[in-house]
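Notes follow once the structure below has been shown.
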Amino acid sequence: MASGTTGVLRGQLLSGTSVGHPTFMSGSTSQTAHRFRRMPNCCIIGSGVIGLSIARELAGRGLSVTVVSRDPPQALASWAAGGIFPAQPPGDSLPPTATPLEQFTFVSDRLHSEWARQLRDETGIDTGLRRCGTLAIATSDDTSEELSADMRRWQRLGVRHQPIATKDLADCEPAVAAAVAAGTIREAVLLPDEVQIRPPRHLAALRASCQHRGVEFLDAVSVTGLQTANGRIEALATDDSTRPILTADQFCITAGAWSEKLLTLLGLHIPTRPWRGQILLQRTAPGFLRRVINIGAGFDYLIPRPDGRLLVGSTIEDAGFDASTTQTELTRLALLLQSLLPKVSFGPPEASWAALRPGTPDGLPVLGQLPGIANGWLATGHYRAGLHLSPATAVVMADSICGEPARHAFEAFSPERLLAPDGLLPH
2 MASGTTGVLR GQLLSGTSVG HPTFMSGSTS QTAHRFRRMP NCCIIGSGVI GLSIARELAG
62 RGLSVTVVSR DPPQALASWA AGGIFPAQPP GDSLPPTATP LEQFTFVSDR LHSEWARQLR
122 DETGIDTGLR RCGTLAIATS DDTSEELSAD MRRWQRLGVR HQPIATKDLA DCEPAVAAAV
182 AAGTIREAVL LPDEVQIRPP RHLAALRASC QHRGVEFLDA VSVTGLQTAN GRIEALATDD
242 STRPILTADQ FCITAGAWSE KLLTLLGLHI PTRPWRGQIL LQRTAPGFLR RVINIGAGFD
302 YLIPRPDGRL LVGSTIEDAG FDASTTQTEL TRLALLLQSL LPKVSFGPPE ASWAALRPGT
362 PDGLPVLGQL PGIANGWLAT GHYRAGLHLS PATAVVMADS ICGEPARHAF EAFSPERLLA
422 PDGLLPH
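Its first residue numbered 2, the sequence shown is counted upward by one per residue in the numbering used here.
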């Protein structure tokens, strides 16, 4: 939308009577400026790991922050994630050949250790961040090619990795001895520096830290409209009768796979799409499986938890906004588990779940200022890496929102790269 316009931008939001004092209509009921409450410095739409991390970082810099959250934690992609962070090289820097995403991941990985300590000190919650190590394996020609490509990347970046002969694999990871004997596992590489985190604990710690820092939460609230004037977002409308109108100095959209739908309220088309992932939860004896098992490029995996629970994942499905599990994919995951641990008798799964990851056409996150909107910001599109990239995302977004120099490079993730030719939706 061109600068200087004022008007309806879809939803139930009507044009303002004056800049700073808009009137919102829902049916025949008028909600006017007297319903406004205190104006936060920043309103964040979405309470997944990205929204919570940005809120925490901004509040830590002294800003007043309100988070508008439609969904409960269990519905979030970050809550449902496996929580594995790909191994990073030792040292303080990457080689010049590292891509912008590899550089950003490296920075965020280093920040996670600091954040875990801070969160434990602030909230008493242990996020479960720990070095666990991973066995990357190949079980087919396709996964062998994927593993070879990963090895070339690890070599280029300096990630520690060690090929393990199949004859030695049972000594390295006794739980897979039967799969080795059956010829299921063809190749294996040990990555000693792979890390895991407990996503629900991390989200709980982030929220507790936000509350400790004074962040306000509007839970179970949907955004129904956004109004712009003079190239700025003036206010948003919600379906909450106690807080129907919310103004702020800055607005940041962190709604994951739903971000594009919110952007349509601004007339912007920055494509993101949901990719469904399903996970199966089984129980084994604590310590039965020592390390994470990744197959090929890591889309299929087994993740052991210290308490004996075992996550079996995952799927990558183009299912629209359907976040339900399917018997077909859960059966496939159960068969995957049985093929890697054929001598183990598993009972019924303890649980299963699905969530929607936010993807982009080029596979990169979308971070930065919304085109043509001086106080509008976007942080989404992290796909399968939202947990891992969340601290660095929080820092660079807070730098931008606060008008400070960015301390980490993220120009490659600018929203402008994904704009349609005219930047707007067709009218």
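Yeah, the Cβ is synthetic: ideal placement off N, Cα and C, and Gly gets one too.
Query	Result
Report the CB separation of V293 from C133 in whole angstroms; it is logged as a contact under 8 Å.	6 Å
By the three-class DSSP mapping on this structure, what secondary structure does A352 have?	strand
N42 bridges to which residues according to DSSP?	Paired residue(s): none; N42 is not in a bridge.
Which of helix, strand or coil does DSSP assign to T273?	coil
Distance, Cα to Cα, P164 vs T394?	33 Å
If you scan the segment 354-418 from start to end, which runs of the alpha helix (DSSP H) of 4 or more residues do you find wholly inside it?	387-402
At a cut of 8 Å, does the segment 73-84 reach the segment 310-330 through at least three beta carbon pairs?	yes
Counting only the same chain and skipping the five closest in sequence on each side, list residues whose C-beta sits under 7 Å from that of A206.	L120, T124, I126 and T128
Rounded to whole angstroms, how far is the Cβ of V222 from the Cβ of T239, which I believe are closer than 8 Å?	5 Å
Using the three-state DSSP reduction, which class does G118 fall into: helix, strand or coil?	One detail in the question is off: residue 118 reads as Arg in this sequence, not Gly. Helix, per DSSP.
Using DSSP bridges, identify the partner residues of V181.	Partner(s): none; V181 has no beta bridge.
To the nearest whole angstrom, what separates the beta carbons of Q279 and T316, a pair I think is in contact under 8 Å?	5 Å
Quick one: what does DSSP say V160 is sitting in, helix, strand or coil?	coil
The beta strand (DSSP E) spanning P305 covers which residue range?	D301 to P305
Taking Q251 as the reference, give the member of G404, S260, R187 and L263 with the closest Cα.	G404
Around the C-beta of Q197, are 16 or more other C-beta atoms found within 10 angstroms, so that it is buried, or is it exposed?	buried
Using only CA atoms, which one of S242, V66, Y302 and A82 lies nearest to G387?	A82
In the DSSP assignment, the beta strand (DSSP E) including R310 goes from what residue to what residue?	R310 to G314
Just the C-alpha distance for D363 and L263, rounded to the nearest angstrom, thanks.	20 Å
Quick one: what does DSSP say Q89 is sitting in, helix, strand or coil?	coil
Would you mind giving the Cβ-Cβ distance between S70 and S48, rounded to the nearest angstrom? I have them listed as a contact below 8 Å.	4 Å
Can you give the Cα-Cα distance for R111 and L311, rounded to whole angstroms?	26 Å
Distance check for A256 and R274, CA to CA, integer angstroms please.	12 Å
Could you name the residues that DSSP lists as bridge partners for D220?	S70
Could you work out which residue in L130, A209, D93 and T185 is closest to V160 when comparing CA atoms only?	D93
Hey, would you say P97 sits closer than 8 Å to A413, going by beta carbons?	no
Identify which residue in P307, P245, G61 and Q370 has its Cα closest to the Cα of S210.	G61
Is the beta carbon of L379 closer than 8 Å to that of P416?	yes
For G52, which residues from the same chain have a beta carbon less than 7 Å from its beta carbon, with the 5 sequence-adjacent residues on both sides left out?	I45, V68 and T255
Output the boundary residues of the alpha helix (DSSP H) element that contains L290.	From DSSP, L290 is part of no alpha helix (DSSP H); its letter is neither H nor E.
Can you give the beta carbon distance from G447 to D143, rounded, assuming they're within the 8 Å contact cut?	It is not possible to answer for residue 447, since the shown part of the chain is limited to 2 through 428.
By the three-class DSSP mapping on this structure, what secondary structure does A137 have?	strand
If we ignore side chains and look at the alpha-carbon of each, how far apart do L420 and P272 end up?	8 Å
Which of the three DSSP states, helix, strand or coil, is assigned to D241?	coil
Pull up the DSSP beta-bridge partners for L227, would you.	L237
Whose C-beta lies closer than 6 Å to the C-beta of F107 among residues of the same chain, with five residues either side of it excluded?	Q89 and L95
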